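Asks: In UniProt numbering, the protein residues as written are 1 to 382. Every residue gets a Cβ at the ideal spot worked out from N, C-alpha and C, and that includes glycine. Note that the structure is predicted; figures quoted are calculated from it, not measured. Questions regarding the structure given below will be posed in turn.
Listed below in structure tokens is the structure:
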């Protein structure tokens with residue numbers, strides 16, 4: 001069996017409220033800020049953290065933030081860090097194009113040689129990393145594994161990434177697919193430790209199963225970066241432009257989100273939930289805590305509407321989210337949620353936890369079932 005025995009997180013700087021957001025991501029125009037206020041009413045994020053300072057400088061990288069989160073996790077762990085044989089990381093956009101994030105985090109931590117995996121997608125890359133580590137420990141390949149996610153979205157939101165490009169409209173605003181994410185994404189990192197036995201003190205989470213499915217056969221890319229969409233809707237990779245300046249001028253290095261396509265994915269995500277109900281992995285009435293990542297409160301409301309109509313709604317009082325206080329931190333979000341839940345004093349032995357991570361990149365849906373277990377001496381737990 002596999003257990004989450006420790007967790008940790010790192011959020012850079014002080015919480016930034018809505019009134020001071022523009023000081024951190026930079027001001028494009030009064031019109032752009034009016035759009036931002038509309039987005040904030042939709043997502044209902046009250047505070048978030050930025051690794052970028054108001055002057056556009058930073059002391060951080062994703063690797064450094066995730067390294068801090070892993071150290072926090074190991075501080076809570078009972079095992080020595082040298083016993084960890086596997087490290088899996090997740091992010092939307094790495095600090096470097098090469099090498100992978102896991103290599104950078106490994107170097108940041110200075111741990112002895114180990115096996116690693118770098119997962120790169122959007123939010124669900126966290127669950128890709130979790131499943132890879134879960135299988136490694138479950139198979140007996142490794143006694144313990146570290147899994148984490150980190151994001152540094154704010155570095156792409158500075159005015160300099162937009163000014164002078166074809167993306168900026170005459171009134172100083174951005175197209176909706178670019179402006180939406182500026183007011184939605186933020187920075188940070190979190191991690192968990194997986195072991196082949198529960199902790200000897202406190203509560204652990206037994207990972208019972210992890211399910212992840214892509215539906216890219218049904219959807220075009222919805223959240224993109226590194227490309228430009230032509231008039232026919234096709235994506236041209238940045239590397240297919242005449243030169244790097246032409247790619248930047250066209251806006252190829254900007255994050256984009258097709259919000260309409262995002263909402264069209266909701267029935268598919270719910271359908272995946274129903275599939276797992278039919279297979280007996282999920283019993284909605286038996287879920288004590290629904291640890292769900294979503295990008296905006298408006299999306300949550302639509303989820304509730306559709307789940308209620310389908311007769312599979314988990315009561316809202318069982319939902320656990322920290323979106324309002326920590327923001328949408330992409331691949332780090334589910335690990336931030338798990339860390340906060342483990343440290344909330346809400347969990348009781350025997351309770352069940354259902355994790356859910358939808359991804360709009362090109363439509364991915366991931367779920368994981370867990371059970372809260374009490375302390376164990378660990379000597380005969382396998």
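For residue 18, does the three-state DSSP call read helix, strand or coil?
Replies: Residue state, collapsed to three classes: helix.
Asks: So which of 351, 4 and 245 has the shortest CA-CA distance to residue 164?
Replies: If we check each option's Cα against that of residue 164, 245 comes out closest.
Asks: Keeping to the same chain, check which residues put their C-beta closer than 8 angstroms to that of residue 253; ignore five residues upstream and five downstream.
Replies: Same-chain partners within the cutoff: 156, 161, 225, 226, 238 and 247.
Asks: Return the CA-CA distance between residue 318 and residue 21, expressed in angstroms with no decimal places.
Replies: So the two alpha carbons sit approximately 31 angstroms from each other.
Asks: Do residue 203 and residue 342 come within 8 angstroms of each other at the CB atom, strictly closer than that value?
Replies: Yes, they are a contact pair.
Asks: Could you pull out every residue in the same chain whose Cβ sits closer than 7 angstroms to the Cβ of residue 312, ignoring the five residues on either side in sequence?
Replies: The residues are 273, 274, 277 and 284.
Asks: Using CA coordinates, which residue listed in 332, 375, 349 and 369 is at the minimum distance from residue 10?
Replies: Taking only the C-alpha atoms, the option nearest residue 10 is 332.
Asks: My guess is that residue 134 and residue 115 are in contact by the Cβ rule of under 8 angstroms, so how many angstroms apart are they, rounded?
Replies: Not quite, the Cβ-Cβ distance comes to about 14 angstroms (not below 8 angstroms), so this is no contact.
Asks: Near residue 63, what residues of its chain come up, given a Cβ to Cβ distance below 8 angstroms and the 5 sequence neighbours on each side ignored?
Replies: Here the set comprises 95, 101, 104, 105, 107, 108 and 150.
Asks: Residue 297 to residue 43, Cα distance in whole Å?
Replies: If you take the alpha carbons of residue 297 and residue 43, they lie about 5 angstroms apart.
Asks: In its own chain, which residues sit with a C-beta less than 6 angstroms from the C-beta of residue 6, not counting the 5 before and 5 after it?
Replies: So the list reads 73, 76, 77 and 193, once near-sequence residues are dropped.
Asks: Answer yes or no: do residue 354 and residue 304 have a C-beta to C-beta separation smaller than 8 angstroms?
Replies: Result no, Cβ atoms of residue 354 and residue 304 do not sit closer than 8 angstroms.
Asks: State the DSSP-derived secondary structure class of residue 325, mapped to helix, strand or coil.
Replies: Reduced to three states, the DSSP call for residue 325 is helix.
Asks: Have a look at residue 323 and residue 221 and give me their C-alpha separation to the nearest angstrom.
Replies: If I take the Cα positions, the gap works out to 24 angstroms.
Asks: Reducing DSSP to helix, strand and coil, say where residue 93 ends up.
Replies: In the structure shown, residue 93 sits in coil (DSSP, three-state: anything other than H, G, I, E or B).
Asks: Among 59, 111, 129 and 142, whose alpha-carbon lies nearest the alpha-carbon of residue 118?
Replies: Looking at the Cα atoms, 129 is the closest of the given residues.
Asks: Since residue 216 and residue 93 should fall inside the 8 angstroms C-beta cutoff, what is the C-beta to C-beta distance between them, to a whole number of angstroms?
Replies: About 19 angstroms; that fails the 8 angstroms criterion.
Asks: Quick one: grab the DSSP three-state call for residue 167.
Replies: DSSP places residue 167 in coil when its eight states are reduced to three.
Asks: Rounded to a whole number of angstroms, what is the C-alpha to C-alpha distance between residue 269 and residue 367?
Replies: Those two C-alpha atoms are separated by around 10 angstroms.
Asks: How would you write the range of the alpha helix (DSSP H) that residue 132 sits in, first residue to last?
Replies: Unbroken alpha helix (DSSP H) run through residue 132: 125-138.
Asks: Helix, strand or coil, according to DSSP, for residue 310 in the structure here?
Replies: Residue 310: helix per DSSP, three-state reduction.
Asks: What is the DSSP secondary structure of residue 382, counted as helix, strand or coil?
Replies: In this prediction, residue 382 has a pLDDT of 35, which is less than 50 and means its spatial position is unreliable; what the coordinates show is noted afterwards. In this structure, residue 382 counts as coil in the three-state DSSP scheme.
Asks: Tell me the start and end of each unbroken alpha helix (DSSP H) in the region 33-60 that is at least 4 residues and wholly inside, in chain order.
Replies: Listed in chain order, there is nothing to give.
Asks: Threshold first: 4 residues or longer. Then list the alpha helix (DSSP H) segments lying entirely within the region 149-205, N to C.
Replies: Fully enclosed alpha helix (DSSP H) runs of 4 or longer: 176-182.
Asks: Helix, strand or coil: how does DSSP classify residue 252 here?
Replies: Coil.
Asks: Looking only at C-alpha atoms, which of 167, 145, 229 and 183 sits nearest to residue 50?
Replies: The shortest Cα separation from residue 50 among 167, 145, 229 and 183 belongs to 183.
Asks: Once the 5 residues before and after residue 69 are set aside, which same chain residues still bring their CB inside 6 angstroms of it?
Replies: Answer for residue 69: 8, 9, 10, 148, 189, 190 and 191, listed in chain order.
Asks: Thinking C-beta only, is residue 136 closer than 8 angstroms to residue 145?
Replies: Result yes, Cβ atoms of residue 145 and residue 136 sit closer than 8 angstroms.
Asks: Taking DSSP as the reference, what is the three-state secondary structure of residue 367?
Replies: Strand at residue 367.
Asks: With C-beta atoms as the reference, is residue 212 less than 8 angstroms away from residue 127?
Replies: In this structure, residue 127 lies closer than 8 angstroms to residue 212 by Cβ.
Asks: From residue 66 to residue 336, what distance separates their C-alpha atoms?
Replies: Straight-line Cα distance between these residues: approximately 12 angstroms.
Asks: For residue 357, which residues of its own chain have a beta-carbon under 7 angstroms away from its beta-carbon, when the five flanking residues on both sides are left out?
Replies: 123, 124, 126, 127, 293, 334 and 366, listed in sequence order.
Asks: Would you kindly report the start and end of the unbroken alpha helix (DSSP H) that includes residue 120?
Replies: Counting along the chain, residue 120 falls outside any alpha helix (DSSP H), though it belongs to the beta strand (DSSP E) covering 115-120.
Asks: Where do the N-terminal and C-terminal ends of the alpha helix (DSSP H) with residue 227 fall, by residue?
Replies: Where residue 227 is concerned, there is no enclosing alpha helix (DSSP H), although the beta strand (DSSP E) it sits in stretches over 227-229.
Asks: Nearest to residue 260 by CA position, among 223, 288 and 81, is which residue?
Replies: Ranking the options by Cα distance to residue 260, first place goes to 223.
Asks: With residue 290 as the anchor, note down where its beta strand (DSSP E) starts and where it stops.
Replies: Counting along the chain, the beta strand (DSSP E) containing residue 290 begins and ends at 289-292.
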